[in-house]
Amino acid sequence: MKPIITLIYCFLVSLSTGLMANDLANNPTSLNPQTSNELRLALTQVKLKAMPPLLMQIKQLEEQQALPLFKTLLAGRLYYVKADKRLIQMQKKGKERHYFSLETDQPLSELSKNQVKKVKLNNAVRRLLKSTIAELELNHPDPELRQAAIESLLKNLDSKLIAQLEQRRSLETQEKIRELIQVALNLFQLKTNPSPAKQIEAIEKLADRLEIPVKNQLTQVAENSIHPEVKQAAIRALTKIEHATNRYALVDQLFFGLSLGSVLLLASIGLAITFGVMGVINMAHGEMIMLGAYTTYVVQLLMPNHIDYSLWVAIPAAFMVSGLMGVIIERGVIRHLHGRPLETLLATFGISLILQQLVRSVFSPLNRQVFSPSWMTGSLEINPVLSLTLNRLYILAFALIVFFALLTLLRKTSLGLNVRAVSQNRNMAKAMGVKTGWVDAMTFGLGSGIAGIAGVALSQLTNVGPNLGQAYIIDSFMVVVFGGVGNLFGTLVAAFSLGIATKFLEPMTGAVLAAIIVLVFIILFIQKRPKGLFPQKGRAAE
Amino acid sequence: MSQNNAKQFDDLKRFEAKLNAPFQSLKTSFRRDQVWPFLMPNETKANIDKNILLYIEGLNLSFDGFKALNDLNLYINQGELRCLIGANGAGKSTLMDVITGKTQCDSGQVYFGQNIDLLKQDEASIANLGIGRKFQKPTVFEQQSVFDNLELSLKANKGVLPTLWAKITPLQQDKIQHVLSIIGLSKQAYQLAGSLSHGQKQWLEIGMLLVSEPRLLLVDEPVAGMTPQETERTAELLTSLAGERTVIVVEHDMEFVRSIANKVTVLHQGSVLAEGSMQEAQSNPEVIEVYLGEEAATPAPKVKNPIDKANNNKVSLIADKGVKI
Amino acid sequence: MTFMNTLFGQGRNGLQSRQQAGQKTLPFVAILVISTLLACASNLLLTEDSPLYVSTYTITLLGKYLCYAMLALAVDIIWGYCGILSLGHGAFFALGGYAMGMYLMRQIGDRGVYGDPVLPDFMVFLDWKSLPWFWQGMDQFWFAILMAVVIPGLLAFIFGWLAFRSRVTGVYLSIMTQALTYALLLAFFRNEMGFGGNNGLTDFKEILGFDLQADATRVSLFAITAFLLAVIFIISQYLMNSRMGKVILAIRDGESRARFMGYHTERYKVWLFVYSAIIAGIAGALYVPQVGIINPGEFSPINSIEIVIWVAVGGRGTLIGAIIGALIINYAKTRFTALFPEAWLFALGGLFVLVTLYLPKGLMGLWETLQTKLNKAAPEAEIEPKDEIKTGVSS
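Taken in order, these protein sequences are the chains called A, B and C. Sequential numbering of the first sequence, starting at 0, is according to numbering that gives the first Met the number 0. Sequential numbering of the second sequence, starting at 0, is according to numbering that gives the first Met the number 0. Sequential numbering of the third sequence, starting at 0, is according to numbering that gives the first Met the number 0.
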């Protein structure tokens, strides 16, 4: 009855306000400003006992629009200003409290702690709020919110909710959500129906669901049911669910392994060029990665309002910065140490120390925060036990793109031809008129530039600090050596197999021990096959 | 009667030997100069009853599909001086690599004497058996003196501990001085080997081979970069070594080969094409066919030196072509 | 000039550095012994206001430098003489240090914060009930010392045996050694390993019943370090002058050639690597009681690579060079980090680049070039080559 009255009231008001009427009709927050405001005002004054009916009133009046209010209240963040009884929200940042407008999220900096008061609530109110929120969300126009709501409702079903769910099912257009509602109904049937036959029927329907409440309920039934046949069915269903969960856990591990592999690939692919193709040991390779990551940080500092596009600027910028640094190192130092690999190693290590300290002096030794663009945050949810984070997915794709681009570059372009010529026979290439010095510089710049790009990707996954590169240098060398020096495909295979191996070891041994085991394995492997997985054969390799 | 006596005596001796056998073995295992037998080098004597020092049978080796050695068979007699000739890529150096353990072959057998399988040994063990090698490029230890280079090459126990305690005996000292005078480096004995000229380094290499008293010498292009006089001296040296030692020489300089060889082996595409005296090799129709047949398609070869030109025969053409390829 | 000549030997053309090194042994050891005795005497006999007084702090600092010098010696033996660039010698040093640290830890007894008579504090903190097996026997000094030698030696043997037998050489080997120390770094950071995790072992009280804070103990430790450095120096010098030393140089300059001469080079390399690791272990065992702490940081790859630069600066392939390099750089580090802490890594990094580019033979090489120039300038200093032959034969 009440909504109809409200609507009529609203209609009258809109008529009276002429032009504004359209606005108001389109903007449901002001459905009934006066009544709504009054009810909200009442929230600050009523006793706890009177709160539930008041909340029901608000719910009926505002429907979905009340969700922010309810959620804030449930989280215990709902405050009001003592002076004008205005409702506001509070947010803690560390130990400081900040106040915001409830409707617009605008900060209200002028308020201090003793000017405001918290809206109190007890467990009864909390329970009510929870189910009310769920109920409102159940009928929310956004299907994703509806699905999330049903998932959260699975935990505490009651007959009232079931009725609502059944009602919703008849209206529901989304197949996925209808299935979910069916799960809820089955679950409720399992819980409440005394007939063992009905229970078994419900169990059998639930056996392929991965939702946690389903599993919990089945476990409970398997433990407590007085009917042995129901118990058996529950145990069967549980094993089935267990198997499915394990399968998805494996997929999850595989995904993390691939993700680590893509990071290793990005980190080592530059090295595969400088070390593998040119035969130059660059201990400052890790610092090239670090420079790339810091370039991302600087780019974001320069365009704070366009974080979403910052990576598109950062990738070429990082390539240029690290690549240029690589060319400088090659021309300034490495060129003079040609044919003396151990000395090259020492000199480039010195360079890596200098670069680290440079970054420490310029940016401070502390880690810097690099933001993720909005399109990289979040995750791809496949089912309740498996969701793939978007940033890792993107980086995996990115690593592969970089790899194949590089492969094409080396195979198809004249630079690639020159690089291969110089790496196979320097003197002959020189005699044929290849500018070996220029090729060296370009190759080194290319390898370093790719390390810079790797830095951009890494900045999305880990902290950006002066030691970023150090963490990857040994792993990168291991990947290149494991894959077989001078073989880009070997690097690809090595990176992914090491990544996957590490991630599959981790649950058994812990992260640190897994890293140690992989390292020791590679050390032993190299001693057995010094030329890696895919060695270059023949006399030329001698 | 006397026969009977002799037989009795023999029996007695045999009995005594039986009785002593355990003590003998005890004695050998508790020798005072060999406290730790595992530190002693395993000295196996090559069995050369058949007067053949090196057996090479059915040797195959390929690099990425290229057959460097193709069912190669070669026998070297004890005390022989054998020359290996053939074009570049015929497999001469590869064969040496296989004999000295540098390269593993795909299949085949290499025996030193009748009893020692060389394919089962590593480079150092092979060297310790008495197989010495002189490389194409002189590789002396440039940071050490000529004397030290020779000292390192001495025939001695080359285990870690024996080397640590090793002192040069007067005999060894004499030996080194002797070799120094042979190779003409007495004056340079205490110079760094790195300061020697190219030819002197060649001589030092030869000297290092000499002090090591090998049974089998593998000599790869000994006269490259030498003056005609030095070449002559090398030829003399090598021929004087043959008999007591066995020498295999790989050389492109046909004049030199002719001056030393009594038997040559012609290699072609990884297997033996012809074997025999120089004359025989030269007149072998297969050798002529293989080389002349190819030669017809290519312009006339450049002849290396006037002597070669003077008695311009087929083998020298072959060799020169070899250099060219 | 003549004094310097006897000290550093004659740098003549064509004369081997090996022979010079032989001549230099005695003066070097003499200087080491005399300066050690002087420093000890002035600390123990003089009063603090005397201008010649050497403070206990300085003595400990000197002791630390000498440990580093020993470590540099170890790296030089394997790198300078045998051409094996080990980027993991810090691991052997740290293992020796941990062995000594475990002994010192057990000596604390019930004087720890938690007062447990057997368990070190960190084990009580982790709620461990009994001593892990590898801590057994570490309360015996002789056993701890044995372990400080055996553990690094054993690790070096296993690693070297695997690596040298399969002929891993050059840069590959360097990276492997770095990975080795990195793996150990990660392992020792773990609390479950039972070596005190992140914090390592510290708060030592006494060694063999002597108070570690006492002046006399500190001076004795310094003197022992100097003595052992001299002993190891003499042994190494003998080693390098023996035929084995020549073989090792031969392996550095042409390993496959040495192999064709009948030397099982991998065996030489393994044993030299073990010898070098043992020296590093001893240096670590001497280092820990003097600085009073050992933690996993000692395993970090940068420490190991720093040792290499000491040797490079001093001049690799000369034992004295390694020692001088270690002393100079560490003194510079102490001064530098006190004055401009930021600049030290710049300086160190720059040093790496400059030395490899412009001073491949280090300070000793520089000294020899200068000597040669001086000798050329002064004609009376020229000596007939015949003399050289004589000296060479007698050696």
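Backbone N, C-alpha and C fix where the C-beta goes; we use that ideal spot for every residue, glycine too. The model shown is predicted, which means the values in this text are computed figures rather than measured ones.
Relative to the alpha-carbon of residue i, which residue among the options has its alpha-carbon at the smallest distance?
i, options, result
"Glu-243/B", "Asn-72/B, Gln-77/B, Asp-70/B and Ala-45/B", "Gln-77/B"
"Thr-230/B", "Pro-213/B, Leu-215/B and Ser-258/B", "Ser-258/B"
"Thr-238/B", "Phe-255/B, Gly-224/B, Tyr-74/B and Pro-227/B", "Phe-255/B"
"Ala-155/C", "Ile-323/C, Gly-196/C, Met-175/C and Ala-186/C", "Met-175/C"
"Leu-211/C", "Val-230/C, Ile-292/C, Glu-367/C and Phe-163/C", "Ile-292/C"
"Ala-147/C", "Leu-353/C, Leu-285/C and Leu-318/C", "Leu-285/C"
"Lys-239/A", "Ala-49/A, Leu-217/A, Phe-274/A and Gly-285/A", "Leu-217/A"
"Tyr-54/B", "Leu-73/B, Thr-162/B, Leu-60/B and Phe-62/B", "Leu-73/B"
"Phe-272/C", "Gln-289/C, Met-137/C and Phe-163/C", "Phe-163/C"
"Thr-490/A", "Phe-503/A, Leu-354/A and Phe-476/A", "Phe-476/A"
Could you give the DSSP three-state label for residue i: helix, strand or coil?
i, result
"Cys-66/C", "helix"
"Ala-140/A", "Note that residue 140/A corresponds to Pro in the displayed sequence, not to Ala. The answer is coil: DSSP assigns Pro-140/A none of H, G, I, E or B."
"Tyr-74/B", "strand"
"Ile-84/B", "strand"
"Ser-144/B", "strand"
"Met-99/C", "helix"
"Asp-210/C", "strand"
"Leu-185/C", "helix"
"Asn-31/A", "Residue confidence is low: Asn-31/A scores 47 on pLDDT, short of 50, so the model does not pin down where it sits. Its coordinate-derived value is still stated next. Residue state, collapsed to three classes: coil."
"Ala-260/B", "coil"
"Gln-90/A", "strand"
"Pro-300/B", "Residue placement at Pro-300/B is flagged as unreliable, the pLDDT there being 43, under the threshold of 50; the coordinate-derived value follows with that caveat. It is coil, neither helix nor strand."
"Thr-245/B", "strand"
"Asp-22/A", "Caution applies to Asp-22/A, whose pLDDT of 42 falls short of 50 and renders its modelled position unreliable; the model cannot decide the point."
"Gln-368/A", "coil"
Does the beta-carbon distance from residue i to residue j come in below 8 Å?
i, j, result
"Val-373/B", "Met-243/C", "Past the boundaries of the shown model lies residue 373/B; chain B is included only from 0 to 324, so the question cannot be answered."
"Glu-79/B", "Thr-264/B", "no"
"Leu-209/A", "Pro-383/A", "yes"
"Lys-49/B", "Gln-103/B", "no"
"Cys-39/C", "Ile-250/C", "no"
"Gly-269/A", "Ile-394/A", "no"
"Val-53/C", "Ser-41/C", "yes"
"Gly-260/A", "Val-484/A", "no"
"Ile-314/A", "Ile-452/A", "yes"
"Gly-195/C", "Pro-131/C", "no"
So residue i contacts chain C; which residues on that side make the cut at Cβ distance below 8 Å?
i, result
"Asp-96/B", "Going along chain C, no residue has its Cβ under 8 Å from Asp-96/B, so there is no contact; the nearest lies around 11 Å."
"Leu-163/B", "Leu-238, Ser-241, Arg-242 and Met-243"
"Ala-346/A", "Phe-351, Val-352, Thr-355 and Leu-356"
Mind listing the chain C neighbours of residue i? Cutoff is C-beta to C-beta under 7 Å, in chain order.
i, result
"Leu-209/A", "Ordered by position in chain C, no residue passes the 7 Å Cβ test against Leu-209/A, which lies about 34 Å from the chain."
"Ala-514/A", "Leu-185"
"Asp-147/B", "Lys-245"
"Pro-340/A", "Gly-169 and Val-170"
Just to make sure I have the definition right: I need the residues of chain B whose C-beta is within less than 7 Å of the C-beta of residue i. Which are they?
i, result
"Tyr-267/C", "Val-159"
Give me the chain B residues within the contact set of residue i, using Cβ-Cβ distance strictly less than 8 Å, ordered along the chain.
i, result
"Trp-270/C", "Val-159"
Residue i versus chain A: which residues are under 9 Å apart at the beta carbon?
i, result
"Glu-341/C", "Gln-356, Arg-359 and Ser-360"
In chain A, which residues lie less than 7 Å from residue i when you measure between Cβ atoms?
i, result
"Ile-304/C", "Phe-348"
Under 9 Å Cβ-Cβ, which residues of chain C neighbour residue i?
i, result
"Leu-259/A", "Under the 9 Å cutoff, chain C gives no residues; its nearest Cβ is about 16 Å from Leu-259/A."
| said: Output needed in chain order: residues of the segment 130 to 149 of chain C with a Cβ under 7 Å from some Cβ in chain B. | reply: When CB distances to chain B are screened at a threshold of 7 Å, not a single residue of the segment 130 to 149 of chain C falls below it.
| task | Report the residues of the segment 225 to 244 of chain C with a CB closer than 8 Å to any CB of chain B, ordered along the chain. | result | Residues Leu-238, Ser-241, Arg-242 and Met-243.
| said: At a CB distance below 7 Å, what residues from the segment 159 to 183 of chain C approach chain A? Give them in sequence order. | reply: Cβ contacts with chain A: Leu-161, Ala-162, Ser-165, Arg-166, Val-167, Gly-169, Val-170, Tyr-171, Ser-173, Ile-174, Met-175, Gln-177, Ala-178, Leu-179, Tyr-181 and Ala-182.
| query | Using a beta-carbon distance cut-off of less than 8 Å, what residues from the segment 246 to 264 of chain C approach chain A? | reply | So nothing in the stretch comes that close.
| Interfacial residues, the segment 125 to 140 of chain B to chain C, with Cβ spacing under 7 Å | The segment 125 to 140 of chain B vs chain C, Cβ under 7 Å: Ala-126, Asn-127, Arg-132, Thr-138 and Phe-140.
| query | Name the residues in the segment 470 to 483 of chain A whose C-beta lies less than 8 Å from a C-beta of chain C; which are they? | reply | Only those residues of the segment 470 to 483 of chain A whose C-beta falls short of 8 Å from the nearest C-beta of chain C are listed: Ile-473, Phe-476, Met-477 and Val-480.
| query | Taking any Cβ of chain C, which residues in the segment 521 to 537 of chain A have a Cβ under 9 Å from it, in chain order? | reply | Answer in chain order: Ile-521, Ile-522, Leu-523, Ile-525, Gln-526, Lys-527, Arg-528 and Pro-529.
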